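For reference, the structure is listed below as structure tokens.
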Amino acid sequence: MPIGLIILLLLIGLPLVEITVFIQVGSEIGALWTILLTVATAIAGSLMLRIQGLTLLTRMRGEMDRGEVPGADLVEGALMVVASILLLIPGFVTDAFGLLLFVPPVRRIIAGQVIRNARVTVVRAEAQRRGGGAGVVDLDADDWETKDGGAGRRGPSSGGSSPWISDGRNPDGRNPGGNREPD
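In numbering that gives the first Met the number 0, the protein residues as written are 0 to 182.
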């Protein structure tokens with residue numbers, strides 16, 4: 000079955016199932032208790048999401064800092080976050096799945112399936128230095144010209160306004176020694 004069809008069925012089917020179950024529970028325990036139960040599970044899901052989310056991020060950072068690929072503990076932590084989110088969603092069916100994910104043996108079975116079917120790619124990047132050694136500028140012969148006793152100047156004339164044209168001062172007007180000359 001294509002994933003798009005599965006998602007479509009979930010988007011249409013899940014709300015219909017949730018509404019049906021909500022009406023049945025409401026007729027059994029009353030509307031007020033049904034609403035209170037829905038609000039209570041949403042609050043519990045919110046608290047669990049905050050606690051489990053921070054724990055998961057701390058665990059993930061620790062494993063990454065040690066150079067380890069996140070393993071079963073991380074997948075189980077992620078499933079705890081999913082369980083918390085399911086509790087946040089109003090409805091008894093999603094609450095049931097969320098509570099089921101809080102059961103450790105169920106979580107381990109699902110985590111095992113996820114790890115078995117997951118493909119992990121580790122990417123490491125390093126900055127590389129381009130060009131020659133330190134302080135070497137590679138210019139072609141037509142990129143520079145020599146004037147006035149060897150002081151290099153770039154451009155068609157010595158009167159250009161480019162900050163790269165040297166008249167013995169830095170572009171901000173200071174002498175190379177650091178003192179600013181009066182204008």
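Note that beta-carbon positions come from the ideal geometry of N, C-alpha and C, so glycine has one too.
Computed from a predicted structure; not experimentally measured.
For a test of the three-state rule: what should DSSP assign to residue i, helix, strand or coil?
{"i": "GLU144", "result": "strand"}
{"i": "ASP72", "result": "helix"}
{"i": "ALA110", "result": "helix"}
{"i": "PHE101", "result": "coil"}
{"i": "ILE6", "result": "helix"}
{"i": "ARG118", "result": "coil"}
Excluding the five sequence neighbours on either side, which residues of its own chain have a C-beta within less than 6 Å of the C-beta of residue i, listed in chain order?
{"i": "ALA82", "result": "GLY97, LEU100 and PHE101"}
{"i": "ALA41", "result": "LEU87"}
Can the beta-carbon of residue i be found less than 9 Å from the beta-carbon of residue j?
{"i": "ALA77", "j": "LEU55", "result": "yes"}
{"i": "VAL80", "j": "LEU48", "result": "yes"}
{"i": "THR93", "j": "LEU13", "result": "yes"}
{"i": "PHE91", "j": "GLU17", "result": "yes"}
{"i": "LEU85", "j": "GLY111", "result": "no"}
Excluding the five sequence neighbours on either side, which residues of its own chain have a C-beta within less than 7 Å of the C-beta of residue i, listed in chain order?
{"i": "PRO89", "result": "THR37 and ALA41"}
{"i": "VAL113", "result": "VAL74"}
For this session: Examine the Cβ distances between the region 69-77 and the region 104-115 and report whether three or more of them are shorter than 8 Å.
Result: yes
For this session: Pick out the complete alpha helix (DSSP H) segments inside the region 14-94, 4 residues or longer, and give them in chain order.
Result: 30-64 and 71-87
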